[in-house]
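To start, the structure under review is shown below, and the notes come after it.
Chains as they are written, first to last, in this note's numbering: chain A, 1 to 41; chain B, 1001 to 1163.
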């Protein structure tokens, strides 16, 4: 399932924005240091 | 909980000096926790930050100044608030107060173990970062909460997926 579909499915009935979740799901495919590099750049 | 990462393929999130500083803190047994958005980003949050926030059990620990000096900096403990000084440490902030959290020892007990470049750094888990940001309640804390909640949900989804 595409990340966007997963994000839409799991945010139903929550206060989490599907767009935010989609970004998180992408970040979680990166190594933690790559995540930090993105955040600190 | 222990998470492991590091290695050349993973980019340049931390400078050599920042890695040396953290390694020296760990080597000297200085007790600290990585908190704030850098810790959240390592757990998947998608919100930029300029700082690496570190919470120390005691800022009078000599290991803090020794680690700063190892990269040409200094820990100015007489400043109010005590602060790190030096070009290599511009992105590293000493956090003196963590709103909404329990004592340092209690948070340390439940911290994540994170392996960076072959050594382990203790990190505040997402759930506790949310508690901290909610209690701090500054505009930038409030702005971070949606991303933090999304990160928590994302980690829960990925954990279920791995089972």
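Ideal Cβ placement from N, Cα and C applies to all residues, glycine included.
DSSP three-state assignment for residue i, whether helix, strand or coil
i	result
residue 1090/B	coil
residue 1113/B	strand
residue 1165/B	Coverage of chain B is limited to positions 1001 through 1163, which leaves residue 1165/B absent and any answer about it impossible.
residue 1076/B	strand
residue 16/A	coil
residue 1024/B	helix
N-terminal and C-terminal residue of the beta strand (DSSP E) that residue i is part of
i	result
residue 1046/B	No beta strand (DSSP E) contains residue 1046/B, which DSSP labels as neither H nor E.
residue 1033/B	1032 to 1035
residue 1053/B	1052 to 1056
C-beta neighbour in chain A for residue i, strict 8 Å
i	result
residue 1159/B	no
residue 1085/B	no
residue 1005/B	Bear in mind that a pLDDT of 40 at residue 1005/B, under 50, signals an unreliable position, so the model cannot answer this.
Residue i at chain B interface by Cβ criterion, 8 Å
i	result
residue 20/A	yes
residue 8/A	no
residue 17/A	yes
residue 35/A	yes
For residue i: DSSP bridge partner residues
i	result
residue 1122/B	1113/B
residue 1095/B	1055/B
Next item on the list: Scan the stretch 1021 to 1041 of chain B for residues whose Cβ lies nearer than 9 Å to a Cβ of chain A and list them as they occur along the chain.
Entry: 1037, 1038, 1040, 1041
Checklist line | Interface positions of the stretch 1044 to 1066 of chain B facing chain A (Cβ-Cβ less than 9 Å), listed along the chain | finding: 1044, 1045, 1046, 1047, 1048, 1049, 1050, 1051, 1052
Check: What residues in the stretch 1122 to 1150 of chain B bring their beta carbon closer than 7 Å to a beta carbon of chain A?
Finding: 1146, 1147, 1149, 1150
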